[in-house]
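In my numbering, the protein residues as written are 7 to 265. Cβ coordinates follow ideal geometry from the N, Cα and C atoms, glycine included. None of these values were measured; they are calculated from a predicted model. A short write-up of the structure that comes next.
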Amino acid sequence: MDLGIRGKKAIVCASSKGLGKGCAMALAEAGADLVVNGRNAELLAKTAQEIREKFGVKVIEVAGDVSKPEVQKALLAACPDPDILVNNNGGPPLRDFRELDRAKILEGVTQNMVTPIELIQAVIDGMAKRGFGRIVNITSLSVYVPIPGLDLSSGARAGLTSFLAGVARTVIDRNVTINSLLPGKLDTDRLRGPHEAGTQEDPAAAAARKARISADVPAKRLGTPEEFGQICAFLCSVYAGYLTGQNIPVDGGLYVSAF
Numbered sequence: 007m008d009l010g011i012r013g014k015k016a017i018v019c020a021s022s023k024g025l026g027k028g029c030a031m032a033l034a035e036a037g038a039d040l041v042v043n044g045r046n047a048e049l050l051a052k053t054a055q056e057i058r059e060k061f062g063v064k065v066i067e068v069a070g071d072v073s074k075p076e077v078q079k080a081l082l083a084a085c086p087d088p089d090i091l092v093n094n095n096g097g098p099p100l101r102d103f104r105e106l107d108r109a110k111i112l113e114g115v116t117q118n119m120v121t122p123i124e125l126i127q128a129v130i131d132g133m134a135k136r137g138f139g140r141i142v143n144i145t146s147l148s149v150y151v152p153i154p155g156l157d158l159s160s161g162a163r164a165g166l167t168s169f170l171a172g173v174a175r176t177v178i179d180r181n182v183t184i185n186s187l188l189p190g191k192l193d194t195d196r197l198r199g200p201h202e203a204g205t206q207e208d209p210a211a212a213a214a215r216k217a218r219i220s221a222d223v224p225a226k227r228l229g230t231p232e233e234f235g236q237i238c239a240f241l242c243s244v245y246a247g248y249l250t251g252q253n254i255p256v257d258g259g260l261y262v263s264a265f
C-alpha cells in the first residue's frame with residue numbers, strides 16, 4: 007500500500023532499536039527520508055546503515071539523549087522542516103514510588119512529558135503552514151492501566167496525553183494530526199530485562215520467557231516492533247488525516263474496554 011509519504015521528512019526519536027527502530031523502518035519502507043536518534047552512537051550508525059541499504063532513503067544520524075536541549079537542537083538543525091515527528095524516549099526504571107526524590111521525578115517528567123512537548127512546539131507551526139503534519143507519540147499502555155513501580159512513567163505520559171488532547175484539535179483543520187500509540191507487551195529489550203548489550207538469549211529460555219509474559223495477553227504472544235512500526239506509518243500516512251487526538255493501544259487485546 008502506498009502511504010503517500012514518499013519523499014516526506016521524518017524525525018524519529020530514540021530509534022536505534024526497539025519500537026523506535028520499528029517505526030523508522032516502516033517509514034523508510036514507505037519512502038520517507040529520516041533523521042534517526044539514539045544514545046548509543048555505534049548502534050545508531052548500524053541502524054542507519056541498515057535502513058539505507060534496505061530502503062535507499064536518506065538517513066541522518068543524531069546521537070544523544072533527546073531530552074537534552076542540545077540534542078533537540080541538533081535534530082531540528084538536521085531537519086528544520088519535518089513533515090513527521092515520532093516522539094519516543096526511554097522510561098524511568100521500575101522502582102517503588104517511595105524511592106523517588108524530587109530530582110528523579112523531574113527527570114522522568116522531563117523525559118516523558120516535557121521533551122515531546124518541546125519538540126512539538128518547535129515543528130507544529132511549520133507543519134500547519136505547509137498543510138501537512140503527522141505527530142505520533144509512543145507512550146505506554148500504563149497510561150490506561152497503571153503498573154505499580156512505573157508510576158512516574160505512567161504519570162508523565164498521562165500528563166502528555168491530556169496536554170496534547172486539546173492541542174490536537176487546534177491544527178487538524180490544517181492537516182496536522184497528533185495521536186499516540188500505547189504499546190503493551192512487545193518483544194523488545196525492555197521486556198527481556200537486564201542483560202549485557204549484544205548478548206544472545208538462549209532460544210529455549212527466550213521461548214519460555216515470552217510464553218510466561220504473554221500468558222495474559224489475548225493474542226497469546228508478544229507484539230513485534232515491526233508490526234508496531236507499520237501502525238505508526240499508517241498514522242503518518244495521507245489516509246490518516248481525519249484521525250487526531252486518539253490514544254491507540256497496541257497490546258494484543260490486553261486492555262479490556264468496549265469504548
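message = Please give me, in chain order, every unbroken run of the beta strand (DSSP E) with length at least 3 that falls completely inside the segment 100-141.
response = none
Residue 209 (DSSP reduced to helix, strand or coil) = By one-based count along the sequence shown, residue 209 stands at place 203. Three-state DSSP puts residue 209 in a helix.
query = Of the residues 194, 20 and 244, which one's Cα is nearest the Cα of residue 45?
reply = Stepping through the sequence shown from its first residue, residue 45 is reached at position 39. The option with the nearest alpha carbon to residue 45 is 20.
task = Could you spell out the range, first to last residue, of the alpha helix (DSSP H) harbouring residue 80?
result = Numbered from 1 along the sequence shown, position 74 holds the residue referred to as residue 80. 75-84 is the extent of the alpha helix (DSSP H) around residue 80.
query = According to DSSP, what are the bridge partners of residue 40?
reply = By 1-based counting over the sequence shown, the position of residue 40 is 34. According to DSSP, which records beta bridges pairwise, residue 40 is partnered with 16 and 65.
message = Assuming residue 42 and residue 67 are in contact, meaning their beta carbons sit under 8 Å apart, how far apart are those beta carbons, in whole angstroms?
response = Reading the sequence shown from its first residue, position 36 is the one you call residue 42. Reading the sequence shown from its first residue, position 61 is the one you call residue 67. Rounded to whole angstroms, the Cβ separation of residue 42 and residue 67 is 6 Å, and the two are in contact under 8 Å.
task = Look at the alpha carbon of residue 234 and the alpha carbon of residue 22, and state the distance between them as a whole number of angstroms.
result = Here residue 234 corresponds to residue number 228 of the sequence shown, with the count starting at 1. Here residue 22 corresponds to residue number 16 of the sequence shown, with the count starting at 1. Straight-line Cα distance between these residues: approximately 15 Å.
request  = Between the Cα of residue 51 and those of 60, 61, 39 and 65, spot the shortest distance and give me the residue it belongs to.
outcome  = Position 45 of the sequence shown, counting from 1, holds the residue named residue 51. Nearest C-alpha to residue 51: 65.
task = Would you check if the segment 206-218 and the segment 117-136 touch, i.e. whether three or more CB-CB distances between them fall below 8 Å?
result = no
ask   = Terminal residues of the continuous alpha helix (DSSP H) containing residue 167?
value = One-based indexing of the sequence shown puts residue 167 at position 161. 157-174 is the extent of the alpha helix (DSSP H) around residue 167.
Residue 237 - containing alpha helix (DSSP H), residue span = The sequence position of residue 237 within the sequence shown is 231, counting from 1. In the DSSP assignment, residue 237 falls within the alpha helix (DSSP H) that extends over 231-241.
inquiry  = Our contact map puts residue 47 next to residue 83 with C-beta atoms below 8 Å; I'd like the distance itself, whole angstroms only.
reply    = What you label residue 47 is simply residue 41 of the sequence shown in a count that begins at 1. What you label residue 83 is simply residue 77 of the sequence shown in a count that begins at 1. That belief does not hold up - the Cβ atoms of residue 47 and residue 83 are roughly 17 Å apart, past 8 Å.
query = chain D beta carbons: is any one of them nearer than 8 Å to that of residue 29?
reply = Structure shown: chain D not included; a single protein chain is present.
task = Report all residues from its chain with a CB closer than 7 Å to the CB of residue 61; omit the five preceding and five following residues, and keep chain order.
result = On the sequence shown, position 55 is the one that residue 61 refers to. Counting only Cβ-Cβ distances below 7 Å, and skipping sequence neighbours, we find 34 and 35.
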